[in-house]
Amino acid sequence: VLRRARDGVVLNADEAALAMTARGDDLADLCASAARVRDAGLVSAGRVGPSGRLPVSYSRKVFIPVTHLCRDTCHYCTFVTVPGKLRAAGAGMYLEPDEILDIARRGGELGCKEALFTLGDRPEDRWPEARRWLDERGYDSTLSYVRAMAIRVLEETGLLPHLNPGVMSWSELSRLKPVAPSMGMMLETTSRRLFETKGLAHYGSPDKDPAVRLRTLTDAGRLSIPFTTGLLVGIGETLA
1 VLRRARDGVV LNADEAALAM TARGDDLADL CASAARVRDA GLVSAGRVGP
51 SGRLPVSYSR KVFIPVTHLC RDTCHYCTFV TVPGKLRAAG AGMYLEPDEI
101 LDIARRGGEL GCKEALFTLG DRPEDRWPEA RRWLDERGYD STLSYVRAMA
151 IRVLEETGLL PHLNPGVMSW SELSRLKPVA PSMGMMLETT SRRLFETKGL
201 AHYGSPDKDP AVRLRTLTDA GRLSIPFTTG LLVGIGETLA
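Under the working numbering, the first residue of the sequence shown carries the number 1, and numbering increases by one thereafter.
Rendered as C-alpha cells:
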C-alpha cells in the first residue's frame with residue numbers, strides 16, 4: 001500500500017483503510033506521499049500563485065456561539081461572560097433554535113459549508129440560569145441541546161456541523177459522532193502549574209486539567225472522530 005501511495009496510484013477502500021493504520025516511519029512515508037499527490041493536483045489545476053507558491057486551503061465556516069456561558073474561569077478568555085451581563089444586553093442564556101438556524105442559513109448563502117458550534121464547557125453546572133433555560137426547553141444538558149441543533153442544521157440547511165463543546169467523555173463523543181463530521185477542542189497547554197497554582201491562567205477551571213483534555217483527544221482518536229486541536233503559545237511563560 002505504501003508503495004502504491006508513493007507511486008500516486010488511487011487506493012481502493014480496503015487499501016485506504018489499511019493505510020489509516022500506519023504508524024511511525026510508515027505514517028511519515030504516507031504523509032509525504034499524500035503531500036506530493038496534493039501538490040501535483042494543485043499544479044495540474046493551475047492553482048499556483050504568481051511566486052510559484054501553492055495555496056493554503058481552508059474551510060468556509062459560519063460561527064455559531066451557542067452560549068457564552070461556561071463553568072470554567074480562564075483568566076485570559078474574552079469569549080465567556082456571565083448571566084447578568086447577558087440579561088443587561090437583552091440576550092438569552094443560549095441562542096434559541098431559530099437563531100441558530102438563521103445564522104446557519106445566512107452562512108450558507110455566503111458560501112459556507114460548515115457550521116462551527118462554539119460554546120463554554122457545561123455552563124449548567126455553574127449557573128442556575130443555564131440549567132433553568134435547558135429544563136424549560138426539555139434538554140438535560142448543554143451537549144444534548146448541541147446535538148439536537150446539529151441535527152437540525154444538517155437536515156434543514158445542509159451545512160456540516162463542526163462541534164467545539166469542550167471536554168467530552170467517551171459516551172458523549174460516541175453520541176455526538178453520528179451528527180457531526182468533525183469536532184474539536186484546544187489542548188491549549190500541558191502545564192499543570194497553570195492549572196494548580198492560584199492566580200494562574202487555568203486555576204479554578206476543572207475542564208483545563210491537562211490530563212482530562214488529553215483523555216478527550218485520545219478518546220476521539222480511538223473513536224475515529226476527525227478532530228481539530230491547538231496550543232495557546234505564550235500563556236504562563238517564565239524566563240526559564
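Cβ atoms here follow ideal geometry from the backbone N, Cα and C, with glycine treated the same way.
According to DSSP, E188 shares a beta bridge with L231.
If you look at T21, you'll find it isn't in any beta strand (DSSP E); DSSP assigns it neither H nor E.
Residue range 61-67 is occupied by the beta strand (DSSP E) that includes T67. Within the DSSP bridge table, the entry for F195 names no partner.
If you check the CB distance, L69 and P55 do not come in under 8 Å. Per DSSP, P181 is not a residue of any beta strand (DSSP E), being assigned neither H nor E. At least 8 Å separates the beta-carbon of M185 from that of W133. The Cβ atoms of A104 and L30 do not sit closer than 8 Å to each other. R147 is positioned such that its CB atom lies closer than 8 Å to that of R175. DSSP places P210 in the uninterrupted alpha helix (DSSP H) bounded by 210-222. Per DSSP, T142 lies in no beta strand (DSSP E); the unbroken alpha helix (DSSP H) holding it starts and ends at 142-157. Around the Cβ of P50, a 10 Å sphere holds fewer than 16 other Cβ atoms; the residue is exposed. Under the DSSP assignment, A130 falls in the alpha helix (DSSP H) whose first and last residues are 128-136. Setting aside the 5 residues that flank it on each side, L119 is surrounded in the same chain by V66, T67, P165, each with a C-beta closer than 6 Å to its C-beta; the list follows chain order. K208 places its beta carbon 8 Å or farther from that of F227. Our two residues, E155 and R23, have alpha carbons roughly 37 Å apart in a direct line. DSSP places P165 outside both helix and strand once states are collapsed to three, so it counts as coil.
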